[in-house]
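Just below is one structure, and these are the notes that go with it.
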Amino acid sequence: MQTTLLTLLPLLLGTLALSSATDWTPKASQIERTRPVLLIPGFASSQLQSWSQYRCESGFSSKLYREIKFGDRLWVDLARVLAQTECWIRCLKLELPTQDELECKLRAVQGLEAISELDPGVVTGPLSTVWRSLIHDLVDHFELDPDQLIVATYDWRLPPSKLQDRDKYFYALKKKSIDVGWMERGWRDGRVWLMSSMQSSWMATKADWL
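What the sequence shown shows, in mature numbering (1 follows the signal peptide of the UniProt record, and there is no 0), is residues -21 to -1, 1 to 189, in sequence order.
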């Protein structure tokens, strides 16, 4: 997954390089600006966390990871997967065909940390790296500020229609895009959208929201 993202880096670097332009501040001083970047992670490439309390009824240990608390990371936590496999699977399951949650209420983790590594840790972190290298390169090469590098995570278990019905995802995505445009006044109509092929296909079905 990391290799796939890195193959996109030359194209993205070229886009950003062409986007550097001169803009005037209210004080009429010239500055160099870079297009803001909006990252939309692919399938299973962002963290999900518990948004409820739940108690596992089975597992090889009577106490280890038995309680799932608000804010606990479920996607992904290797230690929890090994200790409470059946319970972990039930928490991630959705009912078909309604896509309603069966046991646990999960929601997407927000921010760059949600897509940098899926299971942060000395051992698991390097094994679950997703966008960390690309984020580092963007910040290092173009000196992007935090408000210029925006992440739009989502519950990747859901189809696009359910994302909008349950989470108002595309409404929130449009708001993020507008907010970035107002902050970067020199680029009202210029933003770099970086996403996987799957996201680009279902984004086309929701173009009216954008």
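Even for Gly, the Cβ is constructed at its ideal location relative to N, Cα and C.
Smallest Cα separation from residue i: which of the options?
i	options	result
R59	Y44, V16, G50	Y44
A23	Y150, V109, I157, V101	V109
L152	L137, W172, L106, L123	W172
V101	L57, C66, I157	L57
M177	L71, L61, P138, P76	P138
Q28	L75, Q78, D79, A93	A93
Q26	R136, Q78, K42, C66	R136
R145	C70, T77, I68	T77
DSSP state of residue i, grouped into three classes?
i	result
Q28	strand
T13	coil
W181	helix
Y150	helix
W67	helix
A23	coil
E122	coil
L128	strand
R52	strand
E46	strand
T77	coil
V109	coil
L57	helix
R145	helix
V102	coil
Note down, in chain order, each residue of its chain lying with its Cβ closer than 6 Å to the Cβ of residue i, except the 5 sequence neighbours on either side.
i	result
W3	Confidence at W3 is low in this model, with a pLDDT of 36, below 50, so its placement is unreliable and no value can be given for it.
M174	I19
Y148	Y133, L142
E74	L81
T103	L57
W181	P139
Run the CB neighbour count on residue i, radius 10 Å, all protein chains shown included, and call it buried at 16 or more, exposed below.
i	result
S(-2)	The predicted model places S(-2) with a pLDDT of 45, which falls under 50 and marks its position as unreliable, so this point remains unresolved.
D126	exposed
S140	exposed
S179	exposed
T13	buried
D98	buried
Using a Cβ-Cβ cutoff of less than 8 Å, which residues in the same chain neighbour residue i once the five nearest sequence positions on both sides are dropped?
i	result
Q89	V130, T132
S95	T108, V109, W110, R111, I114
V159	P15, L17, D126, Q127, I129, R170
Q32	E46, I47, K48, F49
K155	L17, I129, A131
C70	S29, Y33, I47, L53, E82, C83, L85
Quick one: what's got a C-beta closer than 7 Å to residue i's C-beta in the same chain, skipping five residues either side?
i	result
L106	none
L123	T13, V16, L117
- Quick check: the region 79 to 93 against the region 47 to 59, are there 3 or more CB pairs under 8 Å? In short, these stretches touch, since the Cβ pair count reaches three.
- Flag this pair as touching only if the region 127 to 136 and the region 14 to 25 have three or more C-beta atom pairs under 8 Å; answer yes or no. Yes, since at least three Cβ pairs between the region 127 to 136 and the region 14 to 25 fall closer than 8 Å, the two stretches touch.
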